[in-house]
Amino acid sequence: MNIVKNRKIFFSISLIIIIFGMIMMTVNGLNRGIDFEGGTLIQIKIGKKISVDEVKAITDKFDKDASIVHSGDKKDEIQIKSKKDFHNKEINKMFNEFKEKYNLKDEDLVQSQKFGPTMGKEIRRKALLSSALAAVAMLIYISWRFEFKFAISAIIALAHDVLVTLSVYAIFRIPINGSFIAAILTILGYSINDTIVIFDRIRENERLSRKESHEKIINNSIKESITRTINTSITTLITIVLLYILGVEDIKILAFPLIIGVIAGTYSSIFIASPLWYVFKSKEKDAKYNPRKA
Numbered sequence: 008m009n010i011v012k013n014r015k016i017f018f019s020i021s022l023i024i025i026i027f028g029m030i031m032m033t034v035n036g037l038n039r040g041i042d043f044e045g046g047t048l049i050q051i052k053i054g055k056k057i058s059v060d061e062v063k064a065i066t067d068k069f070d071k072d073a074s075i076v077h078s079g080d081k082k083d084e085i086q087i088k089s090k091k092d093f094h095n096k097e098i099n100k101m102f103n104e105f106k107e108k109y110n111l112k113d114e115d116l117v118q119s120q121k122f123g124p125t126m127g128k129e130i131r132r133k134a135l136l137s138s139a140l141a142a143v144a145m146l147i148y149i150s151w152r153f154e155f156k157f158a159i160s161a162i163i164a165l166a167h168d169v170l171v172t173l174s175v176y177a178i179f180r181i182p183i184n185g186s187f188i189a190a191i192l193t194i195l196g197y198s199i200n201d202t203i204v205i206f207d208r209i210r211e212n213e214r215l216s217r218k219e220s221h222e223k224i225i226n227n228s229i230k231e232s233i234t235r236t237i238n239t240s241i242t243t244l245i246t247i248v249l250l251y252i253l254g255v256e257d258i259k260i261l262a263f264p265l266i267i268g269v270i271a272g273t274y275s276s277i278f279i280a281s282p283l284w285y286v287f288k289s290k291e292k293d294a295k296y297n298p299r300k301a
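8 is the number of the first residue of the sequence shown in the working numbering; add one for each residue after it.
The structure is reproduced here in structure tokens:
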């Protein structure tokens with residue numbers, strides 16, 4: 008496949024997903040979880056591990072959108088997170104249902120607390136700051152290690168991965184919480200690795216085949232790297248998917264955005280980053296031949 012020649016197709020696929028996601032985000036907004044919206048946290052010690060469905064049978068009477076997370080060394084405690092600001096009477100009423108069903112004592116209500124969105128604002132601020140610092144550091148390093156056009160292409164590809172992941176969450180109204188932020192930062196580190204491997208191959212082939220066109224060099228470099236890139240992504244995905252299927256609820260919350268991010272990162276490394284570098288190089292070449300136009 009001539010990836011460079013068909014670059015507009017690959018660019019269009021990404022743009023369609025991102026634009027649709029941005030429209031959904033504008034119309035409906037992101038479904039921000041309790042970490043960003045504030046709400047009520049209730050932690051109950053059951054004394055044994057019970058399924059999420061068992062917990063939902065009770066919590067759905069109070070909030071059908073409440074999230075359930077297992078906690079404790081033996082996973083015998085449950086954390087109920089709701090965006091609703093429950094009164095003490097509602098909290099006690101909910102706990103009494105667990106108390107009657109599982110023969111609990113009053114002290115088994117480990118904690119119940121209400122909090123506002125302040126924590127969410129702090130998480131969001133630090134996440135944006137971390138991402139910005141990481142992007143600047145990558146830009147400097149890749150510019151020094153390769154060239155500035157490689158760096159810009161890599162940063163745009165990373166932005167692509169984040170926007171695709173956000174778009175999927177916006178389209179399907181999946182709640183965004185603190186684990187999502189951790190997953191995004193992980194995706195940035197994972198995706199840049201695949202991109203750098205292909206860039207390194209392009210640079211090497213550019214030195215060895217100076218008479219070849221950039222289009223041919225890129226296509227050959229991707230062809231030489233694609234098996235390694237796909238195999239690495241598949242092995243990573245197998246692990247994450249298994250964690251999602253077999254893991255407890257709090258693991259699933261982290262694993263799901265990683266699945267989307269790994270797929271988006273693999274796609275951008277092959278079909279976005281390198282073709283973007285070709286576009287920048289082509290403009291540079293046109294500018295040299297048409298100085299007035301530049």
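Where a beta carbon is used, it is the ideal one built from N, C-alpha and C, also for glycine.
- Scanning I87, T273, V143 and G54 for the CA closest to the CA of E256 turns up I87.
- Membership of G272 in the alpha helix (DSSP H) is indicated by the continuous run E256 to S275.
- Under the three-state reduction of DSSP output, I53 falls in the coil class, being neither helix nor strand.
- Per DSSP, the continuous alpha helix (DSSP H) segment holding I229 begins and ends at H221 to L253.
- Taken through DSSP and simplified to helix, strand or coil, K88 comes out as strand.
- When the beta-carbon positions are compared, Y285 and I225 come within less than 8 Å of each other.
- For T239, the closest of D201, A158 and E213 by C-alpha to C-alpha distance is D201.
- Residue burial annotation: V143 is exposed, with fewer than 16 other C-beta atoms found within 10 angstroms of its C-beta.
- Looking at the DSSP output, L48 shares a beta bridge with K88 and Q120.
- Using a Cβ distance threshold of 8 Å, A158 and L261 do not count as a contacting pair.
- Secondary structure of S74 (DSSP, three-state): strand.
- Judged by DSSP secondary structure, S58 falls outside any alpha helix (DSSP H); it is assigned neither H nor E.
- Assigned with DSSP and collapsed to three states, I183 falls in strand.
- The shortest CA-to-CA distance from L249 to any of L265, E44 and R235 is the one to L265.
- Look at R210 here: in three-state DSSP terms it is helix.
- For the 8 Å CB-CB criterion, Y197 and G123 do not form a contact.
- Considering only I130, A164 and A134, the residue with the shortest C-alpha distance to L146 is A164.
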